[in-house]
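Structure, as structure tokens:
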Amino acid sequence: MQRGYRKPLYLLPFDHRQSYLSGLFQFSAPLTPPQRDAVIDSKQLIYEGFQQALAKGLPAACAAVLVDEEFGAAILRDAAKRGYTTALSVEKSGVDEFEFEYGENYAAHIETFSPTFAKILVRYNPEGDAALNRRQIARIKQLSVYCGTAQQLFMFELLVPATAAQMKRVEQDKDAYDKQLRPELMSRAIRIFQNEGVEPDVWKIEGLDRRQHCEQIVQTVQRNGRDDVSCIVLGRGADEVRVTHWLSTAASVRGFIGFAVGRTSFWQALADYLAQKTTRQEAAASIAKRYLEWVRIFEQARHAGSDQPLTIG
-10 MQRGYRKPLY
0 LLPFDHRQSY
10 LSGLFQFSAP
20 LTPPQRDAVI
30 DSKQLIYEGF
40 QQALAKGLPA
50 ACAAVLVDEE
60 FGAAILRDAA
70 KRGYTTALSV
80 EKSGVDEFEF
90 EYGENYAAHI
100 ETFSPTFAKI
110 LVRYNPEGDA
120 ALNRRQIARI
130 KQLSVYCGTA
140 QQLFMFELLV
150 PATAAQMKRV
160 EQDKDAYDKQ
170 LRPELMSRAI
180 RIFQNEGVEP
190 DVWKIEGLDR
200 RQHCEQIVQT
210 VQRNGRDDVS
220 CIVLGRGADE
230 VRVTHWLSTA
240 ASVRGFIGFA
250 VGRTSFWQAL
260 ADYLAQKTTR
270 QEAAASIAKR
280 YLEWVRIFEQ
290 ARHAGSDQPL
300 TIG
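Under this note's numbering, the letters of the sequence shown match residues -10 to 302, in that order.
What follows is the structure, given as structure tokens:
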């Protein structure tokens, strides 16, 4: 199967689990039935915001949702029935080492929902723990081979957390790490995965401040004939100013086809709704508005100096 995906992909991700439960609800496992119902309902509210964005003119062919099976099974089924692009998270949440959420039964769970993408989040630093890195690669390669055989699209979210030695090199300055060290570490990590036979269709990339670094990442993911493999940029829960910069920078580079901005889109709206500061309809409308803002920003940067950007609403 030739890997790759080239269509615009504007992803609303809400597959967050551990951080979502503790941050928004102050819940801890195991959940009571009422707590579980509250979490499921909150994700349904985000999905209502997604649908409002479509109603305001966002083409369904560009839009997508990323949600987990545990709290979003009904959403995945409804989205598939409506023909929306979907992504299903496959990784266990809240752990530093990649593991399958459902162990060796991961394939059966993917096949139950038949998502457009099977998605994983992986924390991998090429200068990190070598044994841990080898274990992760072995599991991820297993998934990659499965996706290739099953003709299942595969999305890889790569996070590169700094090591203690790397932070010492930049005098504990997280911004300096992001700008000076992380871009090259990301490229190295991608090459390692590729060399080990891990072949995603779409790489989900942490925001980059410089266009040259976005170009470097695209060159890496598309090297050696991987011409159709693409990237999307993620929001990292950052503020609006930083997300806007990351989206605008990535959109100007061919090979970045979209974004995945979750917490910056829905967190405050959900927090206000749960605190009874706003109505459900207002919260959904706020999520839709934020989501559409990211689409407009990306489209304007992508089409700067050429075609007209997508018109919505």
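A virtual CB, placed ideally from N, CA and C, is assigned to each residue, including glycine. Bear in mind that the values here come from a model prediction, so they are computed numbers and not experimental data.
Check                                                                                                                            : Outcome
Three or more C-beta pairs below 8 Å linking the segment 211 to 230 and the segment 161 to 177                                   : no
Beta-carbon contacts of valine 134 that lie in its chain and below 8 Å, excluding the five residues immediately before and after : Gly186
3-residue-minimum beta strand (DSSP E) runs that sit fully inside the segment 221 to 278, ordered along the chain                : 245 to 249
Element boundaries [alpha helix (DSSP H), containing serine 31]                                                                  : 22 to 44
Integer Cβ distance of valine 84 from phenylalanine 3, believed to fall under 8 Å                                                : Incorrect: roughly 19 Å between the Cβ atoms, too far for contact.
Glutamate 146: first and last residue of the uninterrupted alpha helix (DSSP H) it sits in                                       : Per DSSP, glutamate 146 belongs to no alpha helix (DSSP H); it is in the beta strand (DSSP E), 142 to 148.
Lysine -4, DSSP secondary structure in three states                                                                              : coil
CA-to-CA distance, proline 189 to arginine -8, given in whole angstroms                                                          : 7 Å
One or two residues paired with isoleucine 109 in a DSSP bridge                                                                  : Phe145
Length-filtered (3 minimum) beta strand (DSSP E) runs lying within the segment 114 to 170                                        : 142 to 148
Glutamine 41 beta carbon near the ligand FMN (any heavy atom closer than 8 Å)                                                    : No copy of the ligand FMN appears in this structure; indeed no ligand is present at all.
Alpha-carbon spacing of isoleucine 112 relative to alanine 44, whole angstroms                                                   : The displayed chain sequence assigns arginine, not isoleucine, to residue 112. Looking at the two C-alpha atoms, the distance is approximately 36 Å.
Residues near glutamine 205 by beta carbon distance below 7 Å, same chain, minus five either side                                : Pro172, Ser176
Three-pair Cβ contact test at 8 Å for the segment 29 to 46 versus the segment 280 to 293                                         : yes
Cβ neighbour criterion (16 or more within 10 Å) applied to proline 23                                                            : exposed
Spatially closest choice to serine 82 from Gly251, Glu116, Gln33, His5, by CA coordinates                                        : His5
According to DSSP, residues forming a beta bridge with alanine 76                                                                : Leu55, Phe106
Cβ neighbour criterion (16 or more within 10 Å) applied to serine 275                                                            : buried
Boundaries (first-last residue) of the beta strand (DSSP E) holding leucine 191                                                  : Checking the sequence shown, residue 191 turns out to be valine, not leucine. Unbroken beta strand (DSSP E) run through valine 191: 191 to 195.
Identity of the residues DSSP links to serine 219 by a beta bridge                                                               : Val191
Whether cysteine 203 touches valine 232 by CB criterion (9 Å)                                                                    : no
Own chain partners of phenylalanine 106 with C-beta closer than 6 Å, once the 5 adjacent residues on each side are dropped       : Ala76, Leu142, Met144
For leucine 281, the residue or residues it bridges with in DSSP                                                                 : None, per the DSSP bridge assignment.
Alpha-carbon to alpha-carbon, alanine 27 and leucine 236                                                                         : 32 Å
Sequence-distant residues of its chain with Cβ nearer than 8 Å to threonine 253 (five each side left out)                        : Gly224, Gly226, Ala227, Asp228, Glu229, Val232, Arg279
Option in Lys266, Gln208, Thr268, Leu170 with minimal Cα separation from phenylalanine 245                                       : Gln208
CB contact flag (leucine 110, valine 54, <9 Å)                                                                                   : no
Cβ neighbours of arginine 180 in the same chain (closer than 7 Å, five flanking residues each side left out)                     : Thr209
Beta carbon of tryptophan 192 nearer than 9 Å to that of leucine 132                                                             : no
Reduced DSSP category for leucine 1 - H, G, I as helix; E, B as strand; rest coil                                                : strand
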